[in-house]
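Below is one structure, written out as structure tokens, with a few remarks after it.
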Amino acid sequence: MFKIGTRGSKLATTQAGHVRDWLIDAGFPAELHIVTTAGDVNMAPVERIGVGVFTQALREALFSGECDIAVHSFKDLPTAADERFRLVVPERQDTREALIARDGMKLADLPEGARVGTSAPRRISQLRAVRPDLDIRPLRGNIDTRMGKVTSGELDAVVLAYAGLVRADYADRATEVFDPDTFMPAPAQGALAIEATADTEAAAALDALVDADATAAATGERAVLARLEAGCTAPVAATSHLRDGELTVRGGVFALDGSRQLIREATGPASDARALGEAVASQLFDDGAADLLGN
Numbered sequence: 259m260f261k262i263g264t265r266g267s268k269l270a271t272t273q274a275g276h277v278r279d280w281l282i283d284a285g286f287p288a289e290l291h292i293v294t295t296a297g298d299v300n301m302a303p304v305e306r307i308g309v310g311v312f313t314q315a316l317r318e319a320l321f322s323g324e325c326d327i328a329v330h331s332f333k334d335l336p337t338a339a340d341e342r343f344r345l346v347v348p349e350r351q352d353t354r355e356a357l358i359a360r361d362g363m364k365l366a367d368l369p370e371g372a373r374v375g376t377s378a379p380r381r382i383s384q385l386r387a388v389r390p391d392l393d394i395r396p397l398r399g400n401i402d403t404r405m406g407k408v409t410s411g412e413l414d415a416v417v418l419a420y421a422g423l424v425r426a427d428y429a430d431r432a433t434e435v436f437d438p439d440t441f442m443p444a445p446a447q448g449a450l451a452i453e454a455t456a457d458t459e460a461a462a463a464l465d466a467l468v469d470a471d472a473t474a475a476a477t478g479e480r481a482v483l484a485r486l487e488a489g490c491t492a493p494v495a496a497t498s499h500l501r502d503g504e505l506t507v508r509g510g511v512f513a514l515d516g517s518r519q520l521i522r523e524a525t526g527p528a529s530d531a532r533a534l535g536e537a538v539a540s541q542l543f544d545d546g547a548a549d550l551l552g553n
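Under our numbering, the residue at position 270 of the sequence shown is numbered 528, and the numbers go up by one with no gaps.
Laid out in structure tokens, this is it:
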């Protein structure tokens with residue numbers, strides 16, 4: 259019986275529950291094991307408490323043998339590979355960003371000075387580029403807590419990953435789902451990363467869950483982030499499209515005040531996903547990305 263390590267939130271256990279069910283369907287008995295992470299008990303902004311705050315405890319539980327498999331939102335993982343583990347990407351959920359607003363409003367409908375919750379610099383910068391009048395407020399907590407701030411009237415709207423809403427059966431709460439080419443998501447948004455300690459029975463079992471298309475897309479997008487040497491809290495976004503074996507990777511770097519956006523893309527064989535992402539990052543550097551990132 260494989261123990262699957264997961265955070266205890268509704269979204270995390272739902273995601274890990276999908277992995278459990280996939281493993282069981284493939285003939286591998288599995289059950290969930292809850293691991294508390296620093297990010298679950300510290301409500302400071304992620305940029306203060308550090309990149310990987312949601313994943314480090316899961317990885318340590320995995321390496322110590324407390325669990326056999328760990329499930330992460332891929333966008334939360336540091337870009338540097340951890341050689342202790344085998345990582346696979348299963349079928350990917352929707353990559354887009356979503357608005358949850360009062361009274362069914364879309365972004366363009368929000369009144370001047372509307373209070374919008376998000377702590378992600380990537381989202382803040384893109385919101386300010388379109389609606390510089392918005393009053394953007396810090397936002398942490400699980401998916402229910404975030405949406406509850408709209409229901410209670412504390413905020414007029416929040417921006418969340420649509421994948422999380424879909425997985426948690428809250429898709430109907432989205433009042434607008436953004437085109438990823440105009441409001442770009444985090445690199446690897448909607449993708450899960452499933453890890454097991456290398457050279458174990460659990461690592462071998464993960465073969466049954468690999469999705470080649472999702473792996474190529476997430477690899478290309480995260481290569482943009484890695485080459486820019488930016489963490490998951492930096493104002494960096496990426497999206498991709500796969501068609502007939504050709505992968506297009508599109509990356510963006512944004513000024514936090516919304517005054518400047520640098521966007522580039524590259525297309526080539528999906529087998530060259532990492533190189534495509536690195537090519538996008540190189541173009542962004544040529545355009546001045548280092549200035550926006552403070553490198």
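Glycine residues also receive a C-beta, built at the ideal position from the N, C-alpha and C atoms.
To the nearest angstrom, how far is it from the Cα of residue i to the Cα of residue j?
i    : j    : result
R501 : Q273 : 27 Å
R237 : L550 : This structure cannot settle anything about residue 237, because the visible part of the chain is limited to 259 through 553.
G285 : D402 : 33 Å
F312 : E370 : 35 Å
G526 : S498 : 11 Å
A328 : L467 : 13 Å
A372 : T409 : 15 Å
A528 : A547 : 25 Å
S267 : G375 : 20 Å
D423 : R398 : Looking at the sequence provided, one finds Leu at residue 423 rather than Asp. Each residue's Cα considered, the two are about 16 Å apart.
S331 : D544 : 30 Å
V277 : S377 : 28 Å
R386 : P396 : 14 Å
P287 : D469 : 21 Å
A516 : R522 : One point to set straight first is that residue 516 is Gly, not Ala, in the sequence displayed. In a straight line, the C-alpha of G516 is about 17 Å away from that of R522.
A429 : D393 : 25 Å
K407 : I282 : 37 Å
G275 : N400 : 17 Å
D437 : P348 : 23 Å
For residue i, collect the residues of the same chain with a Cβ closer than 6 Å to its Cβ; drop the 5 residues on either side in sequence, then sort them by chain order.
i    : result
D326 : F260, K261, A460
A524 : V507, L534, A537, V538
L483 : T337, P445, V494
A319 : G263, V293, C325
D471 : L500
R350 : G448, A449, A472
A496 : P445, E479, V482, G509
Excluding the 5 residues preceding and the 5 following residue i in the sequence, name in chain order all residues of the same chain whose CB lies nearer than 7 Å to its CB.
i    : result
R435 : In the sequence as displayed, the identity of residue 435 is Val instead of Arg. Cβ within range, chain order: R354, A356, Y420.
D340 : R317
K333 : A444, P445, A446, Q447, C490
A302 : With a pLDDT of 48 at A302, under the threshold of 50, the modelled position of that residue is not reliable, and the figure given next carries that caveat. So the list is empty, once near-sequence residues are dropped.
G411 : none
F441 : E355, Q384
T455 : L320, F321, R342, F343, A461
D391 : E370, G371
For the beta strand (DSSP E) that residue i lies in, which residues bound it at each end?
i    : result
P379 : Element bounds for P379: not the beta strand (DSSP E) but the alpha helix (DSSP H), 379-388.
S322 : It is not in any beta strand (DSSP E) - S322 instead sits in the alpha helix (DSSP H) that spans 314-322.
E355 : 355-359
L335 : Taken as a continuous stretch (DSSP letters only), L335 belongs to no beta strand (DSSP E), as it is neither H nor E.
D393 : 393-395
A328 : 327-331
Comparing alpha-carbon positions, which option in the options lies nearest residue i?
i    : options                : result
L345 : R425, L450, E487       : L450
D361 : P396, T264, D279, D414 : D414
L269 : D545, D340, A426, V507 : A426
E504 : L534, P348, A484, F343 : L534
G592 : G323, V538, V293       : Residue 592 falls outside the range modelled here, since the chain spans only 259 to 553, and no answer is possible.
T506 : A387, P287, T433, D439 : D439
A359 : R342, L418, D544       : L418
D279 : L464, R508, P493, E487 : L464
D352 : D530, A475, R522, G516 : A475
A366 : V416, K407, R389       : R389
M405 : R431, D391, I394       : R431
Q314 : E453, G509, R522       : E453
L542 : T458, E487, D530       : E487
L368 : I282, K407, G275, V416 : V416
T458 : G323, V347, D437, I282 : G323
If you follow the alpha helix (DSSP H) that residue i is part of, which residue opens it and which one closes it?
i    : result
Q273 : 268-283
D544 : 531-544
D471 : 470-485
D439 : Unbroken run through D439: none, as it is neither H nor E.
E459 : 459-463
L290 : Premise fails: L290 lies in the beta strand (DSSP E), 288-292, not in any alpha helix (DSSP H).
L450 : Not the alpha helix (DSSP H): L450 falls in the beta strand (DSSP E), residues 450-455.
Spatial neighbours of residue i within its chain, please: CB distance less than 8 Å, with the 5 preceding and 5 following residues excluded, ordered by chain position.
i    : result
T271 : T264, R265, L290, I292
R532 : T477, G478, A481
P554 : The displayed coordinates of the chain run from 259 to 553. Any statement about residue 554 would go beyond what the structure contains.
S540 : R485
K364 : L357, T433, E434
L520 : G510, V511, F512, L542, D545, G546, A547, L550
Would you check whether the ligand ADP has a heavy atom nearer than 7 Å to the C-beta of residue i?
i    : result
T271 : Of the ligands one can find in the structure shown there are none, so the ligand ADP has no counterpart to examine.
Legend entry - beta strand (DSSP E) runs contained entirely in the segment 499-528, provided each spans 3 or more residues: Fully enclosed beta strand (DSSP E) runs of 3 or longer: 504-512, 519-527.
Legend entry - beta strand (DSSP E) runs wholly inside the segment 403-436, at least 3 long, in chain order: Under the rule that a run must span 3 or more residues, the beta strand (DSSP E) segments found entirely inside the segment 403-436 read 415-419.
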